[in-house]
Amino acid sequence: METELYKSLKEVPKGSLERSSLKSVEGVQLLHSTADNWEKIACFQAKPDDLLIATFPKAGTTWMQEIVDMINNDGDIEKCRRAPTYIRFPFLEFWSPLPTPKGIERAAEMPSPRVFKTHLPFHLVPKSFWEQNCKVIYVARNAKDTAVSYYFFDKMNLIQPDPGTWEEYLQRFMQGNVVAGSWHDHVNAFWEKKDKYRILYIFYEKLKENPEREIRNVMAFLEKELPDDIVQKIVNHTSFTAMKENHMSNYSTLPDSIFDHRFSFMRKGDVGDWKNHFTVAQNEEFEDDYRKKMAGTSLKFHFEL
Ligand code: PPS
C-alpha cells in the first residue's frame, strides 16, 4: 500500500486539484473530505501499543515524528530514510480527495507498534485511543508563530483552503475557522487531560531551547534507553538544518501538483518569527483575544527565546 500511495501521489497532474472547503464536525472545522467520512474515522480501532503524535497544525509534528522514528530505530539514520514522513506515519483523519489510500486504511494495515499523526482536537480523537490507554505525545507551539507558519503552509498546500491575505487569515485563525478549529481550544483541552491519560505535553519552544533535554523526556515516556552518543546523533539528525536538507523529512518529495514548492515546508523553524509578520495593531488585537480565551488556564507559552 505504501508504494501504491507514493506512486499515485506522484501521478497527480499539475493544476488538477481544487482547494478544499471547510466543514464542521461537532463545532470543529475540518477538511470537507474528512468531515464527509467522519463516522468511519471516529470508529477507528486503536491498539494498546499504538502511539499518537497529536498537534494543532504547524506545532512541530514533523519534528516530533523524526525524533520518535530515530528513538524507535535506535538512532539508525538509514532506517529513518526508508520513506518520506507522510509515508512512514499515517495521518489518521486525512481523507484525501485523491484516489489514494486513506489515513485510517493505511493505519489499519500497518504492523504494530504503530505510530500515527493527528491534528484532531481532544474530543474528536477516536474514543478507542483513550479506551486502550494509548500513549500520546502532544506538541504545542505558541499561537503567533503557529498562525504565521500555518498561513504560509496554506499558501503552499494546494489541498488546504485558500488562506487569502495575512490580515484575512489572522482573523480566521482567531475565530477558529481553519482546519483543526480553534488553536486555543486545542492546546487547552490536551493540557487539561494530560494527567488523566498517558499524554506527554511537549512545547516547541522548549524543544528548540534544549533539544537534548526534551528528546530524553520523549525517550523516558517511550521507556527507551539509549547511549549518550546515540542521543547526540538524534539531536543532530533532527536539527532544523539537517531536516531541511533531508528529502525524507522536508516534504520536497510531494509533487508540484500538491505542494507549491515556491514555498518551503521547512520555512524558518524559529521562535519569534511572528514579529516579522504581525503589525502592532494585529498584535494588540490578537493579545486581547488571547487573554480572554486563555483566561483561567495554567498553560503558559513562550513567544520568544
Ligand atoms: S504539519 O503540516 O502540521 O505537520 O506541520 P508541522 O510539522 O507541525 O510544523 C511545521 C513547522 O515546524 C518547523 N519544523 C522545525 N522547527 C525546528 N526544528 C526542526 N527540526 C523542525 N522541523 C520542522 C517547520 O519549519 C514549520 O515551521 P515554520 O515556522 O513554518 O518554519
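Just so we're aligned, residue 225 is where the sequence shown starts under my numbering, counting upward by one.
Glycine included, C-beta positions come from ideal geometry on N, C-alpha and C.
This one's a predicted model, so the numbers in the text were calculated from it and none came from an experiment.
Apart from the five residues just before and just after residue i, which ones in its own chain have a Cβ nearer than 8 Å to its Cβ?
i	result
L446	L275, V292, I295, N296 and K359
D260	K247 and W319
Y310	Y475 and L478
P237	S481
G239	S481
A331	F268, P314, L316, R338 and F340
So, at 6 Å on beta carbons, what are the nonlocal neighbours of residue i in its own chain, with the 5 sequence-adjacent residues on each side left out?
i	result
P321	S257
W498	K368, D369 and V372
P272	Q356
A404	F280, P281 and H343
F464	G493
N412	T521
T462	E290 and I291
A519	none
For residue i, report the span of its alpha helix (DSSP H) as first-last.
i	result
T370	A367 to M380
H526	No alpha helix (DSSP H) holds H526; DSSP gives it neither H nor E.
M467	F464 to E469
F443	Note on identity: in this sequence residue 443 is Met, with Phe being the wrong assignment. Unbroken alpha helix (DSSP H) run through M443: P435 to F445.
N460	D452 to H461
The beta strand (DSSP E) spanning residue i covers which residue range?
i	result
A404	Segment: none, A404 is in no beta strand (DSSP E) and carries neither H nor E.
I423	I423 to F427
State the beta-bridge partners of residue i as determined by DSSP.
i	result
F483	N381
Pull up the CB-CB distance for residue i and residue j, whole angstroms please, since I reckon it's below 8 Å.
i	j	result
P435	S245	Contact doesn't hold; Cβ gap of about 38 Å is too wide.
K231	P479	Wrong, their Cβ atoms sit about 11 Å apart, outside the cutoff.
L348	E250	6 Å
Y425	W354	The Cβ separation is near 16 Å, so there is no contact.
A270	S352	4 Å
P228	P325	Per the sequence presented here, residue 228 reads as Glu, with Pro not at that position. Correct: roughly 7 Å between the Cβ atoms.
N381	F527	Wrong, their Cβ atoms sit about 25 Å apart, outside the cutoff.
P345	C267	Actually they do not touch by this definition, with Cβ atoms about 17 Å apart.
Please find out if some non-hydrogen atom of the ligand NAD comes closer than 7 Å to the beta-carbon of residue i.
i	result
F464	This structure lacks the ligand NAD; the ligands present are the ligand PPS.
Looking only at its chain, what residues have a beta carbon closer than 7 Å to the beta carbon of residue i, apart from the 5 residues adjacent to it on each side?
i	result
I423	V360, Y362, F414 and K417
G299	L450, I454, K457 and I458
K517	H408
A283	V363, A364, R365, T370 and Y428
V402	Q253, Y374 and R396
E433	L529
Inset, instruction - Taking only runs that begin and end inside the segment 234-315, name each unbroken beta strand (DSSP E) of 3 or more residues, in chain order. - result: List check, beta strand (DSSP E) in window: 246-249, 252-255 and 275-279.
Legend entry - Complete runs of the alpha helix (DSSP H) confined to the segment 334-365 [at least 4 residues]: Within the segment 334-365, the runs of alpha helix (DSSP H) at least 4 residues long that lie entirely inside it are, in chain order, 351-355.
Legend entry - Start-end ranges of the alpha helix (DSSP H) lying completely within the segment 483-518, minimum 4 residues: As far as the segment 483-518 is concerned, its whole alpha helix (DSSP H) runs of at least 4 residues are 504-517.
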